[in-house]
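Engineer: If you read the sequences in order, they're chains A and B.
Numbers 8 to 197, taken from the numbering used here, label the letters of the first sequence in order.
Numbers 8 to 197, taken from the numbering used here, label the letters of the second sequence in order.
There are 2 protein chains.
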Amino acid sequence: MARERKFTDEQLFNATKKMIINDGYEAFTFSRLAAVLHVSRGSIYKYYENKDELISEFLMYEMNRFLHDFQGLDISRDFEEQVEQLIDFIFKHSNIHHVMEIIHQIPNNTTQRAKRNKLKLNEYHIEMYQRFQGFLDIGRSQQKLKKQLPDGIILGMIFQTIAIPNHFGIAQEIWITSIKEIICNGMIEK
Amino acid sequence: MARERKFTDEQLFNATKKMIINDGYEAFTFSRLAAVLHVSRGSIYKYYENKDELISEFLMYEMNRFLHDFQGLDISRDFEEQVEQLIDFIFKHSNIHHVMEIIHQIPNNTTQRAKRNKLKLNEYHIEMYQRFQGFLDIGRSQQKLKKQLPDGIILGMIFQTIAIPNHFGIAQEIWITSIKEIICNGMIEK
DNA sequence: GACTAAAGTGACACTACTGTCACTTTAGTC
DNA sequence: GACTAAAGTGACAGTAGTGTCACTTTAGTC
Numbered sequence: 008m009a010r011e012r013k014f015t016d017e018q019l020f021n022a023t024k025k026m027i028i029n030d031g032y033e034a035f036t037f038s039r040l041a042a043v044l045h046v047s048r049g050s051i052y053k054y055y056e057n058k059d060e061l062i063s064e065f066l067m068y069e070m071n072r073f074l075h076d077f078q079g080l081d082i083s084r085d086f087e088e089q090v091e092q093l094i095d096f097i098f099k100h101s102n103i104h105h106v107m108e109i110i111h112q113i114p115n116n117t118t119q120r121a122k123r124n125k126l127k128l129n130e131y132h133i134e135m136y137q138r139f140q141g142f143l144d145i146g147r148s149q150q151k152l153k154k155q156l157p158d159g160i161i162l163g164m165i166f167q168t169i170a171i172p173n174h175f176g177i178a179q180e181i182w183i184t185s186i187k188e189i190i191c192n193g194m195i196e197k
Numbered sequence: 008m009a010r011e012r013k014f015t016d017e018q019l020f021n022a023t024k025k026m027i028i029n030d031g032y033e034a035f036t037f038s039r040l041a042a043v044l045h046v047s048r049g050s051i052y053k054y055y056e057n058k059d060e061l062i063s064e065f066l067m068y069e070m071n072r073f074l075h076d077f078q079g080l081d082i083s084r085d086f087e088e089q090v091e092q093l094i095d096f097i098f099k100h101s102n103i104h105h106v107m108e109i110i111h112q113i114p115n116n117t118t119q120r121a122k123r124n125k126l127k128l129n130e131y132h133i134e135m136y137q138r139f140q141g142f143l144d145i146g147r148s149q150q151k152l153k154k155q156l157p158d159g160i161i162l163g164m165i166f167q168t169i170a171i172p173n174h175f176g177i178a179q180e181i182w183i184t185s186i187k188e189i190i191c192n193g194m195i196e197k
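#1: Quick one: measure Cβ to Cβ for E196 of chain B and K151 of chain A, integer angstroms, because I've assumed they're closer than 8 Å.
#2: Could you give the DSSP three-state label for I195 of chain A: helix, strand or coil?
#3: Indicate the three-state DSSP secondary structure (helix, strand or coil) for L162 of chain A in the structure shown.
#4: Please classify L80 of chain B: does DSSP put it in a helix, a strand, or coil?
#5: For the 8 Å Cβ check, are there 3 or more pairs between the stretch 110-122 of chain B and the stretch 40-51 of chain B?
#6: Thinking I103 of chain A and F142 of chain A are a contact (beta carbons under 8 Å), I'd like their distance in whole angstroms, please.
#7: Report yes or no: do the stretch 74-81 of chain B and the stretch 48-57 of chain B share at least 3 C-beta pairs separated by less than 8 Å?
#8: For a contact defined as C-beta to C-beta under 7 Å, what are the partners of P157 of chain A on chain B?
#9: For S101 of chain A, which residues from the same chain have a beta carbon less than 6 Å from its beta carbon, with the 5 sequence-adjacent residues on both sides left out?
#10: Please compile the residues from chain A whose C-beta is within a distance smaller than 8 Å of the C-beta of L198 of chain B.
#11: Determine, using beta carbons only, whether M194 of chain A and L128 of chain A come nearer to each other than 8 Å.
#12: Should G141 of chain A be flagged as near chain B, meaning a C-beta pair shorter than 8 Å?
#13: So which residues on chain B does M107 of chain A lean against when the C-beta distance must stay under 8 Å?
#14: Anyone know if the C-beta pair for N124 of chain B and S63 of chain B falls short of 8 Å?
#15: Using a Cβ-Cβ distance cut-off of 8 Å, determine whether M164 of chain A contacts chain B.
#16: Any beta carbon from chain B within less than 8 Å of A170 of chain A's own beta carbon?
#17: Between A:G163, A:I190, A:F86 and A:E130, which lies nearest to Q149 of chain A when the distance is taken from Cα to Cα?
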């Protein structure tokens with residue numbers, strides 16, 4: 008009953024992701040996006056009232072994918088194995104960290120839809136932390152984690168590792184193994 | 008022989024810093040800066056041809072201060088004490104990390120002066136890494152560091168810790184102590 | 001008190017983006 | 001093949017920034 012679309016949501020979100028990761032939030036414009044998708048600017052406005060709204064929808068899309076993958080993680084094993092698994096998982100989704108920081112760049116004086124998405128994204132963010140929390144609880148119950156270390160720091164530390172810039176081009180495998188080693192047992196020789 | 012200036016370099020750099028840290032590189036404009044300094048836009052153009060040039064000068068200023076403070080560090084002691092000292096130092100200068108990332112946002116199609124500053128800043132960045140390297144060398148020579156861990160990862164890890172977001176408002180002292188503990192000895196109970 | 005030179009101003013032309021809307025195109029319906 | 005409704009277009013007005021420059025202001029010099 009209607010004309011065929013020239014671009015899918017997925018194409019739009021992929022183009023958005025590339026643009027934001029390469030050049031940052033501010034460098035993302037409807038003009039540039041339209042050019043990449045080979046359509047006119049006006050057609051994008053058919054679906055999103057403005058940039059904030061589009062980006063908030065993009066973030067929802069990314070977060071949903073992340074949480075869905077997270078469901079698939081096996082959490083029935085030994086704690087050390089789980090740490091392994093968790094860090095591997097985070098590295099596989101290394102961009103999520105970068106992507107989620109964009110939430111804060113969406114201004115508050117924007118459309119209802121964007122505001123609603125912002126709230127929803129904050130809920131998701133908390134949900135994500137709660138899942139990680141569950142993981143920590145297992146470690147605590149197995150007496151595997153140092154008691155004096157607050158959960159927030161352990162979680163923050165694990166999460167932050169994915170953002171360490173690899174200035175010296177160290178091989179992926181050594182990189183991940185080394186980070187696991189430091190987080191679990193530290194850098195000091197015993 | 009000339010009229011009195013309405014703003015010092017220091018005032019200008021402080022205003023620049025605030026603006027960039029609060030709202031990011033793109034949100035920084037000559038218009039807003041001029042408003043903060045209570046001068047006209049034109050007067051800033053007397054000193055800087057454009058935004059890239061101004062920001063590159065600002066980064067030089069920050070980096071110089073950082074390296075100067077770094078000189079003051081005592082590197083004659085025991086390795087564990089030095090790690091302590093180093094992490095405290097990094098936390099004291101926690102903004103330098105955020106500030107230095109801005110280098111990459113300065114485009115290449117800009118003025119000679121800005122390009123020269125960009126090169127100089129990259130040299131400084133390497134210099135900074137070399138100083139940290141010296142610190143690692145001591146640890147290596149005292150056999151205190153695990154042999155299999157590449158220097159780049161240890162340095163990256165230490166540096167990255169300052170960017171961990173403190174979502175749960177953990178007290179500064181506990182925060183720093185915990186991070187030292189994880190980096191040195193890990194989170195797993197022995 | 002005239003002169004100088006740096007400091008500062010504000011109007012001008014230019015650019016790149018935003019959001020809108022009357023219009024055109026097109027796949028499917030009757 | 002006329003009709004419909006969603007998809008897409010491109011011209012328009014508006015906004016917020018950039019870089020320039022002839023001009024004004026002012027502290028110090030002679």
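Positions of the beta carbon are idealized from the N, C-alpha and C atoms, including for glycine.
Structural biologist: In short:
#1: Numbered from 1 along the second sequence, position 189 holds the residue referred to as residue 196 of chain B. Numbered from 1 along the first sequence, position 144 holds the residue referred to as residue 151 of chain A. E196 of chain B to K151 of chain A, Cβ: 6 Å. Contact.
#2: On the first sequence, position 188 is the one that residue 195 of chain A refers to. Strand.
#3: Working through the first sequence from its first residue, we reach residue 162 of chain A at position 155. DSSP places L162 of chain A in helix when its eight states are reduced to three.
#4: Looking up residue 80 of chain B in the second sequence gives position 73. L80 of chain B falls in the coil class under three-state DSSP.
#5: no
#6: Along the first sequence, one-based indexing puts residue 103 of chain A at 96. Along the first sequence, one-based indexing puts residue 142 of chain A at 135. About 16 Å; that fails the 8 Å criterion.
#7: no
#8: In the first sequence, the residue the question calls residue 157 of chain A occupies position 150. I177, I181 and S185, listed in chain order.
#9: Indexing the first sequence from 1 puts residue 101 of chain A at position 94. Excluding positions up to five away in sequence, the list reads I169.
#10: Residue 198 of chain B lies beyond the residue range present for chain B, which begins at 8 and ends at 197; the question has no answer from this structure.
#11: Working through the first sequence from its first residue, we reach residue 194 of chain A at position 187. Working through the first sequence from its first residue, we reach residue 128 of chain A at position 121. No, they are not a contact pair.
#12: In the first sequence, counting from the first residue as 1, residue 141 of chain A sits at position 134. Answer no: the Cβ-Cβ gap between G141 of chain A and chain B never drops below 8 Å.
#13: Numbered from 1 along the first sequence, position 100 holds the residue referred to as residue 107 of chain A. Ordered by position in chain B, no residue passes the 8 Å Cβ test against M107 of chain A, which lies about 11 Å from the chain.
#14: Taking the first residue of the second sequence as 1, we reach residue 124 of chain B at position 117. Taking the first residue of the second sequence as 1, we reach residue 63 of chain B at position 56. The answer is yes: Cβ separation under 8 Å.
#15: If you number the first sequence from 1, residue 164 of chain A lands on position 157. Yes, contact with chain B.
#16: Here the question's residue 170 of chain A lines up with position 163 in the first sequence. Closer than 8 Å: yes.
#17: Here residue 149 of chain A corresponds to residue number 142 of the first sequence, with the count starting at 1. Of the listed residues, the one whose Cα sits closest to Q149 of chain A is A:F86.
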